[in-house]
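Below is one structure; the comments refer to it alone.
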Amino acid sequence: MSKRPSPISATVDFEADGVQHGFLKLPISNDESAWGAVMIPITVVVNGTGPTALLTGGNHGDEYEGITALVKLANTLDAKDVQGRVIIVPMMNAPAAMAGRRTSPMDGGNLNRSFPGDPDGTVTEQIADYFTRYLVPKCDVVLDLHSGGRTLDIVPFAASHALDNKDQQRQALEGAIAFGAPTAMMMFELDAAKLFDTAVESQGKIFVATELGGGGTTTPERLAIAERGVKNFLIHYCLIDGKLESPSEPQVYVDMPDASCYVQSEHTGLLELTLALGESVEKGQVIARVYDMTRTGSAPVEYRANRSGLLVARRFPAQVNMGDTIAVIAEVVDSLG
Ligand SMILES: [Zn+2]
């Protein structure tokens, strides 16, 4: 059954040369605005013919490294420096970003669990559908900038996925390495079915994702990694001229082969991580303790590493609940793919 056209309209012309700042407009009708619209900022920079890159941030609304880097790029990218077309959407889930939340306050929707989307669905599903059926088909390469948000802190890395199409896999991996974050990763997803990643990759497009920090803020160091990486991405895929800027230390390659990389809490309490983000860990080593906050005098529950590797992600808040990811341990490898 074919889907009806998206209710979203764009105020920009994707074919016109030059720089345009506008909106993706999704009609809504609620108590605050009877004939209103969700307004998602978008910038399109076109110069002649060439490849199209789609740069996205704010897929989750509290991941500020990508949002900030893309707002800055949208404000400064000059059409004469581009060959082809760069489409920038710094806040894909604009209602979530405006609220400073991972998910949308309008419908509770987690955009990155809403793909491929639905033109007749919730606001979040309608946004997902527009990307799947209108923006992704225009593109050759997609860079989706994530970070840990308010509840995770993550070693800055760019990642690609293992794919059935090995040429597509290789091209994405080369982009992830060229991004030039301190770490590059072949990433295992706990559940890939409803991700933007999958919506893009299933159309045969090149997809690179990043995680660039977290905690619901930015730091100068991490923002610099994000901005350098976006520029490297555009250079690598021939959208702008320039020389790739490498990280100051040799890049570390890590692999997340399966679910044993994730350590999840089976208790509620006060979390003590015994090692810092980016440190090495041995299988069986105590990596965290969870203390009972309702009483003193009871021993903490210890969590041990299921595997050796690098601590690439950790829970950010000091309080932990059952089911929360405490830590992610990735395997250091000599090469990827
Ligand atoms: Zn995210």
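In terms of UniProt numbering, the sequence shown opens at residue 1 and continues consecutively. Beta carbons: idealized from backbone N, C-alpha and C, even for Gly.
Close-in-space but distant-in-sequence residues of the same chain around residue i (CB under 7 Å, 5 per side omitted)
{"i": "Gly280", "result": "Before going further, note that residue 280 is Ser rather than Gly in the sequence given. Only Leu310 meet the Cβ criterion."}
{"i": "Ser248", "result": "none"}
{"i": "Leu275", "result": "Val281, Ile287, Leu311"}
{"i": "Pro90", "result": "Pro41, Gly57, Gly58, Ile67, Leu70, Val71, Ala74"}
{"i": "Gln203", "result": "Val136, Pro137"}
{"i": "Ala37", "result": "Lys25, Leu26, Pro27, Ile28"}
{"i": "Gln83", "result": "Asn47, Gly48, Gly50, Cys238, Leu239"}
{"i": "Arg113", "result": "Lys194"}
{"i": "Pro257", "result": "Phe188, Glu331"}
{"i": "Phe115", "result": "Ala128, Thr132, Lys194, Leu195, Phe196, Thr198, Ala199"}
{"i": "Gln285", "result": "Arg304, Ala305"}
{"i": "Gly22", "result": "Ala10, Thr11, Val12, Ile42"}
{"i": "Pro317", "result": "Thr151"}
{"i": "Trp35", "result": "Ser29"}
{"i": "Ala79", "result": "Asp17, Gly18, Val19, Val45, Val46, Asn47"}
Other residues of its chain near residue i: CB distance less than 8 Å, five sequence neighbours each side excluded
{"i": "Gln169", "result": "Ser160, His161, Ala162, Leu163, Gly337"}
{"i": "Val263", "result": "Ile287, Ala288, Tyr303, Ala305, Asn306, Thr325, Ile326, Ala327, Val328, Ile329"}
{"i": "Glu189", "result": "His161, Leu195, Asp197"}
{"i": "Ser6", "result": "Pro119, Gln126, Asp129, Tyr130, Arg133, Tyr134"}
{"i": "Leu277", "result": "Asp153, Ile154, Val155, Leu311, Val312, Ala313, Arg314"}
{"i": "Phe14", "result": "Val44, Val46, Arg85, Ile87, Lys138"}
Contacts around residue i, its chain only, beta-carbon distance under 6 Å, and the 5 residues preceding and following it disregarded
{"i": "Arg289", "result": "Glu272, Pro300, Glu302"}
{"i": "Phe179", "result": "Ala158, Gly229, Asn232, Phe233"}
{"i": "Leu24", "result": "Ile8, Ala10, Ile40, Ile42"}
{"i": "Asn321", "result": "Thr268"}
{"i": "Asp255", "result": "Met186, Glu331, Val333"}
{"i": "Gln20", "result": "Val12, Val44"}
{"i": "Ala99", "result": "Pro105"}
{"i": "Thr124", "result": "Ser104, Asp107, Gly109, Leu111, Ser114"}
{"i": "Ser308", "result": "Glu282, Lys283"}
{"i": "Tyr253", "result": "Ala184, Val333, Leu336"}
{"i": "Thr122", "result": "Asp107, Gly109"}
{"i": "Met293", "result": "Gly269, Leu270"}
According to DSSP, residues forming a beta bridge with residue i
{"i": "Leu212", "result": "None, per the DSSP bridge assignment."}
{"i": "Ser147", "result": "According to DSSP, which records beta bridges pairwise, Ser147 is partnered with nothing at all."}
{"i": "Arg289", "result": "Glu272, Glu302"}
{"i": "Pro41", "result": "Phe23"}
{"i": "Val12", "result": "The partner list for Val12 (beta bridge, DSSP) is empty, contrary to what the question assumes."}
{"i": "Gln264", "result": "Thr325"}
{"i": "Glu32", "result": "In the DSSP output, where bridge partners are listed per residue, Glu32 has none listed."}
{"i": "Gly18", "result": "Val46"}
{"i": "Leu55", "result": "Ile88, Leu143"}
{"i": "Thr183", "result": "Phe157, Val252"}
{"i": "Ala172", "result": "Note: Ala172 sits in no beta bridge, so no partner."}
{"i": "Ser280", "result": "Leu310"}
{"i": "Leu152", "result": "Arg315"}
{"i": "Val333", "result": "Tyr253"}
Where residue i falls, given that 16 or more other Cβ within 10 Å makes a residue buried
{"i": "Arg314", "result": "buried"}
{"i": "Asn165", "result": "exposed"}
{"i": "Arg4", "result": "exposed"}
{"i": "Leu270", "result": "exposed"}
{"i": "Pro250", "result": "exposed"}
{"i": "Thr218", "result": "buried"}
{"i": "Lys243", "result": "exposed"}
{"i": "Ser104", "result": "buried"}
{"i": "Met92", "result": "buried"}
{"i": "Pro62", "result": "According to the sequence displayed, residue 62 carries Asp and not Pro. Label assigned to Asp62: buried."}
{"i": "Glu221", "result": "exposed"}
{"i": "Gly214", "result": "buried"}
{"i": "Glu211", "result": "buried"}
{"i": "Glu32", "result": "exposed"}
{"i": "Gly117", "result": "buried"}
{"i": "Ala181", "result": "buried"}
{"i": "Gly297", "result": "exposed"}
{"i": "Glu65", "result": "buried"}
Min CB distance residue i to chain D below 7 Å
{"i": "Pro105", "result": "In the structure shown, chain D cannot be found, because there is only a single protein chain."}
Inter-residue CB distance, residue i and residue j (contact presumed, cutoff 8 Å)
{"i": "Val208", "j": "Ala172", "result": "6 Å"}
{"i": "Ala184", "j": "Ala176", "result": "5 Å"}
{"i": "Asp17", "j": "Ile240", "result": "Not confirmed; about 16 Å, so no contact."}
{"i": "Arg150", "j": "Gly216", "result": "4 Å"}
{"i": "residue 350", "j": "Ile206", "result": "As displayed, the chain neither begins before 1 nor continues past 337, which places residue 350 out of reach and without an answer."}
{"i": "Leu143", "j": "Ala53", "result": "7 Å"}
{"i": "His60", "j": "His146", "result": "6 Å"}
{"i": "Ser265", "j": "Gly323", "result": "7 Å"}
{"i": "Ala94", "j": "Arg102", "result": "Incorrect: roughly 14 Å between the Cβ atoms, too far for contact."}
Item to complete: Could you name each continuous beta strand (DSSP E) segment of 3 residues or more that falls completely within the segment 292-321, going from the start of the chain to the end?
Response: 301-304, 309-315
Worksheet entry | Whole beta strand (DSSP E) elements within the segment 65-117, 3-residue minimum | 84-89
Practice prompt. Could I get the ranges of all uninterrupted alpha helix (DSSP H) runs contained in the segment 195-249, with 4 residues as the minimum, in chain order?
Written response: 196-201, 220-236
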